[in-house]
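Numbering (the working numbering), first residue to last: -10 to 310.
We treat Cβ as the ideally placed atom computed from N, Cα and C, and that holds for glycine.
Working notes, beginning with the structure itself.
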């Protein structure tokens, strides 16, 4: 036997053998598991079906949707509605605004939350208790809608793309989450780095940031979903700038237009006018479904990719050493 084979054999002998213990399930355990799977499977189906129903309507013909025969599968499959949606002049711009604010706003928020949360753990920070309490107070009290709009107007952030980014950089709740997570990291790591001559910035970038990926991914999901779904700031602060309105704001406009068309049908019109209004209503309904699908799809794609970090980060503080 040569040396290579001998070394491989030695490694196998030294490697510990982990035997999986099989647990024998009783009849009650089996019944309990079956009921659990049925209940949670039904709950998952109830949550999933609205998205599926939305999707099959967007890939079915307008006539099929108008007749109400699209229930469980697409009828007269077509992708024309998605082409029509992107043919709308300002919808592509709204899509770009929504994506860019979600990416830039989330990145800046995560960076600010990570650094501020780290600072809040340092006793050397000037007036640490005051600033931490001041930060918490802002979670419970705010100026309100009109003073907030006036403040944005005075700062020049209305009809300005930065109005989406700057107000959302500092998020007190996310800073508190990062602070709690950083406090769970062994202090010996920082002490050893200090002894080697590292400063706060080096410790933050080389030690704290890499070890905080679970909580950073968690607040990134919070921030991205918040930016992606937000439309009140667009509706209030971007009234005079249609080119800066978000995709959700456009969806809101389409919803109102569909409602207005529905109200018009109730009044007296000639048969030809009534047919045109019905056609517009059905077309608007399909476009509304398509925009809603495009609005929801990115979050459905991103969340499973971030789920492993999200599960670790959301449980921070549950087990303390």
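Cβ distance (whole Å) where residue i is taken to contact residue j below 8 Å
i: residue 106; j: residue 20; result: Their Cβ separation, rounded to whole angstroms, is 47 Å, which puts residue 106 and residue 20 out of contact at 8 Å.
i: residue 98; j: residue 174; result: Going by Cβ atoms, the distance from residue 98 to residue 174 rounds to 21 Å, so no, they are not a contact pair.
i: residue 73; j: residue 231; result: Incorrect: roughly 19 Å between the Cβ atoms, too far for contact.
i: residue 126; j: residue 166; result: Residue 126 to residue 166, Cβ: 17 Å. No contact.
i: residue 45; j: residue 93; result: Wrong, their Cβ atoms sit about 34 Å apart, outside the cutoff.
i: residue 284; j: residue 233; result: With 8 Å as the limit, residue 284 and residue 233 do not qualify as a contact, their Cβ atoms being about 17 Å apart.
i: residue 226; j: residue 152; result: 5 Å
i: residue 128; j: residue 161; result: 5 Å
i: residue 168; j: residue 114; result: The Cβ separation is near 11 Å, so there is no contact.
i: residue 43; j: residue 282; result: 5 Å
Neighbourhood of residue i by C-beta, 6 Å cutoff - its chain only, sequence neighbours within 5 removed
i: residue 380; result: The structure shown does not extend to residue 380, since the chain is modelled only from -10 through 310, so no value can be given for it.
i: residue 164; result: 102, 105, 106
i: residue 213; result: 91, 95
i: residue 287; result: none
i: residue 48; result: 63, 66
Three-state class that DSSP yields for residue i in the structure shown
i: residue 150; result: coil
i: residue 185; result: coil
i: residue 254; result: Confidence in residue 254 is poor, its pLDDT being 45 and thus under 50, which makes the residue's placement unreliable; the coordinate value appears in the next sentence. Reduced to three states, the DSSP call for residue 254 is helix.
i: residue 68; result: coil
i: residue 73; result: helix
i: residue 319; result: No answer is possible for residue 319: it lies beyond the span of the chain, which begins at -10 and ends at 310.
i: residue 79; result: coil
i: residue 115; result: coil
i: residue 109; result: coil
i: residue 289; result: helix
i: residue 93; result: helix
i: residue 28; result: helix
i: residue 144; result: coil
i: residue 261; result: Its pLDDT being 49, under 50, residue 261 is placed unreliably by the model, and the measurement read from it follows with that caveat. Helix.
i: residue 132; result: coil
i: residue 19; result: helix
7 Å CB neighbourhood of residue i in its chain, flanking five on each side removed
i: residue 243; result: 273, 276, 277, 280
i: residue 0; result: For residue 0, the predicted structure reports a pLDDT of 46, less than 50, and the residue's modelled location is therefore unreliable. A value from the coordinates is still provided. Nothing meets the Cβ criterion.
i: residue 59; result: 45, 46, 49, 53
Close beta carbons around residue i, own chain, < 8 Å, minus the five adjacent residues each side
i: residue 22; result: 14
i: residue 291; result: 210, 213
i: residue 141; result: 147, 152, 156, 226
> How do the region 196 to 207 and the region 215 to 234 stand: do at least 3 beta-carbon pairs fall below 8 Å, yes or no?
Replying inline: no
> Is it a yes or a no for the region 140 to 149 touching the region 205 to 212, going by three-plus beta-carbon pairs under 8 Å?
Replying inline: no
> Enumerated in chain order, which unbroken segments of the beta strand (DSSP E) with a length of 3 residues or greater are wholly contained in the region 149 to 235?
Replying inline: none
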